[in-house]
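Q: Quick one: the structure is below, questions incoming.
In our numbering, the protein residues as written are 69 to 715.
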């Protein structure tokens with residue numbers, strides 16, 4: 069299971085504390101505009117009409133200051149709205165506009181940020197891209213290269229050209245830049261999907277590949293490039309409309325799958341889509357190797373190298389094995405089957421997990437190697453969508469779009485199974501062998517190694533099931549967190565304490581915060597490990613998500629995980645900032661005779677009891693942010709940053 073480090077952040081727009089003075093303050097110049105939380109580093113960024121400030125929350129000091137140029141004082145209307153909620157303008161932007169907002173844009177899983185079209189290092193405030201001839205109107209994609217410890221950033225320049233920048237992650241400096249397409253020859257990229265939790269970025273399913281010679285296979289629109297990683301020199305270019313690609317073990321042959329459409333390569337919650345045509349290029353010069361492209365019977369799904377000379381391709385209607393050098397199919401007829409979830413190369417053949425079955429295919433004939441497949445009892449054969457399949461000591465646990473169940477690994481016999489709706493989401497805590505299924509207002513929480521029959525539904529009165537984010541495992545039980553409600557359960561799943569903090573209907577802020585949380589729960593990995601400022605893992609749990617999203621984000625994690633861990637270690641602030649292991653914070657809104665009453669409620673995750681409350685006034689134009697990782701609350705007044713420690 070892929071793991072990520074999650075820093076929960078909920079933005080608030082409230083007035084000053086009524087009964088508590090700030091624990092520390094920092095001076096600022098200019099009219100306050102917004103506070104942005106850089107999730108990867110945990111560094112708050114404050115924007116005024118004159119400066120951008122990075123805040124060192126450990127040393128309680130200004131980390132860096134960047135002066136704004138003339139003309140940046142006049143912000144767009146979207147920025148003004150966002151400043152009242154404390155969120156980046158991208159949250160408010162038209163989700164279908166490429167580079168529509170030039171506000172705050174975090175570069176996911178990196179210590180970088182784009183602020184008003186200035187690409188900066190959050191740790192130092194140094195601007196790497198955006199000045200002079202490097203001015204850009206939009207960041208189109210970014211890719212971490214773990215093998216080189218470098219970051220590739222593709223931008224749409226102000227003149228409409230596409231430029232690629234390579235940033236060395238050790239020095240945090242631009243190493244080289246290269247123009248990929250001129251203005252007249254470059255079409256706009258597909259309309260990007262706005263994502264608050266992921267920094268409003270969209271991921272390209274065509275992940276660049278670093279070869280053994282440290283050359284980079286890279287795609288821009290219809291062009292495929294081989295680029296020298298040390299200086300950015302283009303070794304060759306082939307206009308072949310690539311969708312995805314893979315290499316043979318010797319890295320002589322590059323097999324390309326064509327893209328299904330202009331938007332096919334952009335990975336959203338539904339995954340990527342590829343075409344039916346497959347061809348090969350000589351990696352040395354980019355020239356075609358096969359006599360003609362291979363036409364698959366249906367759209368390409370995925371590929372696995374079988375050995376040094378052959379590869380297995382799975383498409384929507386079956387699989388076959390092909391020769392890297394010639395493109396010749398090994399079998400005269402594909403092994404036909406639909407809804408292929410997984411292909412595994414075994415000593416005795418190729419094991420295919422499809423629909424509700426697993427079959428071993430004979431490599432020499434392309435026919436069944438077993439008399440009958442392992443069939444998972446009572447699993448719909450025509451189950452649509454992706455499945456999550458996980459191995460446990462007691463068997464194979466499978467979650468589909470209409471069921472969840474545990475099955476015997478050898479026979480496929482059902483140990484137990486239950487039906488779920490298409491609204492159901494799963495969450496996994498791998499470290500504690502816990503699985504949670506949230507099926508609208510029904511919650512199931514269990515250990516697949518100990519539960520011997522269909523798990524019992526936990527009796528909970530869930531007010532807003534679509535706002536439930538995830539769960540955490542503690543010695544005493546479990547803490548289930550929502551945007552405005554929580555549930556404390558004992559080890560057997562019995563409710564100990566629950567509460568729902570009804571938001572004020574007129575609170576525009578909560579809608580922005582809710583949008584952020586919903587995206588977070590929809591696209592993150594299903595397992596989460598939370599670390600404190602020292603990098604220590606303080607607890608584990610799971611985020612609820614669909615099977616489609618789990619598969620899509622798993623692919624992204626594979627491509628970036630190694631470098632992300634190293635970057636995280638280098639980017640963290642050193643100090644004794646406390647984590648949010650022990651407490652959860654919720655915004656509570658009430659209508660009283662004198663007006664609106666707003667407060668932050670502090671809940672113990674180990675007891676489920678309220679331990680404190682911080683009351684606020686009713687002025688919602690003051691700019692606030694609650695950092696739920698360090699348990700700090702920031703607000704801006706006319707000339708200073710005020711910080712409250714909520715621990």
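Each residue gets a CB set at the ideal place from its N, CA and C atoms; glycine is no exception.
So the beta strand (DSSP E) residue 702 belongs to, where does it begin and stop?
A: Taking the first residue of the chain shown as 1, we reach residue 702 at position 634. Taken as a continuous stretch (DSSP letters only), the beta strand (DSSP E) holding residue 702 covers 700-704.
Q: Looking only at its own chain, which residues have a Cβ that is under 7 Å from the Cβ of residue 609, when we skip the five neighbours before and after it?
A: Within the chain shown, numbered from 1, the residue matching residue 609 stands at position 541. Taken in chain order, the residues that qualify are 497, 538, 539, 540, 541, 596.
Q: Judging by CA-CA distance, which residue of 712, 682, 466, 499 is the nearest neighbour of residue 451?
A: Within the chain shown, numbered from 1, the residue matching residue 451 stands at position 383. Here the closest residue by C-alpha is 466.
Q: Based on Cα-Cα distance, which residue from 223, 428, 326 lies nearest to residue 250?
A: Taking the first residue of the chain shown as 1, we reach residue 250 at position 182. Out of 223, 428, 326, 223 has the C-alpha closest to the C-alpha of residue 250.
Q: Please work out which residues of its chain come closer than 8 Å, Cβ to Cβ, to residue 435, disregarding the five sequence neighbours upstream and downstream, and give them in chain order.
A: Along the chain shown, one-based indexing puts residue 435 at 367. Cβ within range, chain order: 403, 429.
Q: Measure the C-alpha to C-alpha separation of residue 198 and residue 701 and round it to an integer number of angstroms.
A: As a working note, residue 198 is residue 130 in the chain shown. As a working note, residue 701 is residue 633 in the chain shown. Each residue's Cα considered, the two are about 31 Å apart.
Q: Whose CA, out of 667, 516, 383, lies closest to the CA of residue 681?
A: Position 613 of the chain shown holds residue 681. Nearest of 667, 516, 383 to residue 681, Cα basis: 667.
Q: Which two residues bound the contiguous beta strand (DSSP E) that contains residue 234?
A: In the chain shown, counting from the first residue as 1, residue 234 sits at position 166. Per DSSP, residue 234 belongs to the beta strand (DSSP E) from 230-236.
Q: Mind checking whether residue 193 and residue 132 have CB atoms under 7 Å apart?
A: Looking up residue 193 in the chain shown gives position 125. Looking up residue 132 in the chain shown gives position 64. Cβ atoms of residue 193 and residue 132: closer than 7 Å.
Q: For residue 466, which beta-bridge partners are listed by DSSP?
A: If you number the chain shown from 1, residue 466 lands on position 398. Answer by DSSP bridge pairing, in chain order: 457, 473.
Q: Can you give me the start and stop residues for the beta strand (DSSP E) that residue 482 sits inside?
A: Against the chain shown, residue 482 aligns to sequence position 414. Residue 482 -> beta strand (DSSP E) spans 482-487.
Q: Given this structure, state the Cα-to-Cα distance separating residue 655 from residue 280, to the nearest angstrom.
A: Taking the chain shown and counting its residues from 1, the one referred to as residue 655 is at position 587. Taking the chain shown and counting its residues from 1, the one referred to as residue 280 is at position 212. For residue 655 and residue 280, the distance between alpha carbons rounds to 52 Å.
Q: Which residues in the same chain have their Cβ closer than 6 Å to the Cβ of residue 444, if we skip the five residues on either side of it in sequence?
A: As a first step, residue 444 must be located in the chain shown, where it is residue number 376. Excluding sequence neighbours, residue 444 sits near 424, 475, 480.
Q: Counting C-beta neighbours from all protein chains within 10 Å, is the total for residue 673 16 or more, i.e. buried, or is it exposed?
A: In the chain shown, residue 673 corresponds to position 605, counting from 1. Classification of residue 673: buried, given that the 10 Å Cβ count is 16 or more.
Q: When you compare each of 669, 613, 350, 216 to residue 393 by their alpha carbons, which one comes out closest?
A: Residue 393 sits at position 325 when you count from the first residue of the chain shown. The shortest C-alpha separation from residue 393 is found at 350.
Q: In chain order, what residues of the same chain lie with their CB nearer than 6 Å to the CB of residue 277, ignoring the 5 residues before and after it?
A: The residue labelled residue 277 in the question sits at position 209 within the chain shown. 285.
Q: Round the Cβ separation of residue 114 and residue 530 to the nearest angstrom and send it over; I've been treating them as touching at under 8 Å.
A: As a working mapping, residue 114 is identified with position 46 in the chain shown. As a working mapping, residue 530 is identified with position 462 in the chain shown. No, residue 114 and residue 530 are not in contact; Cβ-Cβ is about 37 Å, not under 8 Å.
Q: Please classify residue 549: is it buried, with 16 or more other beta-carbons within 10 angstroms of its beta-carbon, or exposed?
A: In the chain shown, counting from the first residue as 1, residue 549 sits at position 481. Classification for residue 549: buried.
Q: Which same chain residues, not among the five before or five after residue 719, have their C-beta less than 6 Å away from its C-beta?
A: Outside the modelled stretch of the chain, which goes from 69 to 715, sits residue 719, for which no answer is possible.
Q: Could you check whether the Cβ of residue 523 sits closer than 7 Å to any Cβ belonging to chain B?
A: In the displayed structure, chain B is absent; only one protein chain is listed.
Q: Between residue 526 and residue 487, is the Cβ-Cβ spacing less than 7 Å?
A: Position 458 of the chain shown, counting from 1, holds the residue named residue 526. Position 419 of the chain shown, counting from 1, holds the residue named residue 487. No, Cβ-Cβ distance for residue 526 and residue 487 is not below 7 Å.
Q: What does the alpha-carbon distance come out to for the pair residue 103 and residue 112?
A: Position 35 of the chain shown, counted from the first residue, corresponds to residue 103. Position 44 of the chain shown, counted from the first residue, corresponds to residue 112. Each residue's Cα considered, the two are about 7 Å apart.
Q: By a C-beta neighbour count over all protein chains shown, 10 Å radius and 16 as the cutoff for buried, is residue 221 buried or exposed?
A: As a first step, residue 221 is located in the chain shown; it is residue number 153 there, counting from the start. Burial call: buried.
Q: Is residue 98 closer than 7 Å to residue 119 when the C-beta atoms are compared?
A: Your numbering for residue 119 matches position 51 in the chain shown. Your numbering for residue 98 matches position 30 in the chain shown. Yes, the Cβ-Cβ distance between residue 119 and residue 98 is below 7 Å.
Q: Name the residue from 670, 417, 707, 678 whose alpha carbon lies nearest to the alpha carbon of residue 696.
A: The sequence position of residue 696 within the chain shown is 628, counting from 1. Here the closest residue by C-alpha is 670.
Q: With distance defined between alpha-carbon atoms, name the residue in 296, 275, 299 nearest to residue 311.
A: The residue labelled residue 311 in the question sits at position 243 within the chain shown. Ranking 296, 275, 299 by Cα distance to residue 311 puts 275 first.
Q: Can you give me the start and stop residues for the beta strand (DSSP E) that residue 346 sits inside?
A: The count along the chain shown starts at 1 and reaches residue 346 at position 278. Element bounds for residue 346: 342-350.
Q: Since residue 314 and residue 371 should fall inside the 8 Å C-beta cutoff, what is the C-beta to C-beta distance between them, to a whole number of angstroms?
A: Stepping through the chain shown from its first residue, residue 314 is reached at position 246. Stepping through the chain shown from its first residue, residue 371 is reached at position 303. 5 Å between Cβ atoms; contact.
Q: Smallest Cα separation from residue 246: which of 126, 232, 611?
A: The residue given as residue 246 occupies position 178 in the chain shown. Looking at the Cα atoms, 232 is the closest of the given residues.
Q: Are residue 379 and residue 390 closer than 7 Å when you measure CB to CB?
A: In the chain shown, residue 379 corresponds to position 311, counting from 1. In the chain shown, residue 390 corresponds to position 322, counting from 1. Taking 7 Å as the Cβ cut-off, residue 379 and residue 390 qualify as a contacting pair.
Q: Return the bridge partner residues of residue 713 from the DSSP annotation.
A: Working through the chain shown from its first residue, we reach residue 713 at position 645. According to DSSP, which records beta bridges pairwise, residue 713 is partnered with 700.
Q: Within 10 angstroms of the Cβ of residue 269, are there 16 or more other Cβ atoms? Answer buried if so, exposed if not.
A: As a working note, residue 269 is residue 201 in the chain shown. Only weak support is given to the placement of residue 269: the predicted model assigns it a pLDDT of 37, under 50, and the value that follows is read from those uncertain coordinates. So residue 269 counts as buried.
Q: What do you reckon, are the CB atoms on residue 90 and residue 711 nearer than 7 Å?
A: As a first step, residue 90 must be located in the chain shown, where it is residue number 22. As a first step, residue 711 must be located in the chain shown, where it is residue number 643. Result yes, Cβ atoms of residue 90 and residue 711 sit closer than 7 Å.
Q: Could you compute how far the alpha carbon of residue 558 sits from the alpha carbon of residue 106?
A: Position 490 of the chain shown, counted from the start, is the residue given in the question as residue 558. Position 38 of the chain shown, counted from the start, is the residue given in the question as residue 106. If I take the Cα positions, the gap works out to 34 Å.
Q: Can you tell me which of the three DSSP states residue 563 falls into?
A: Stepping through the chain shown from its first residue, residue 563 is reached at position 495. Of the three classes helix, strand and coil, the one that applies to residue 563 here is strand, per DSSP.
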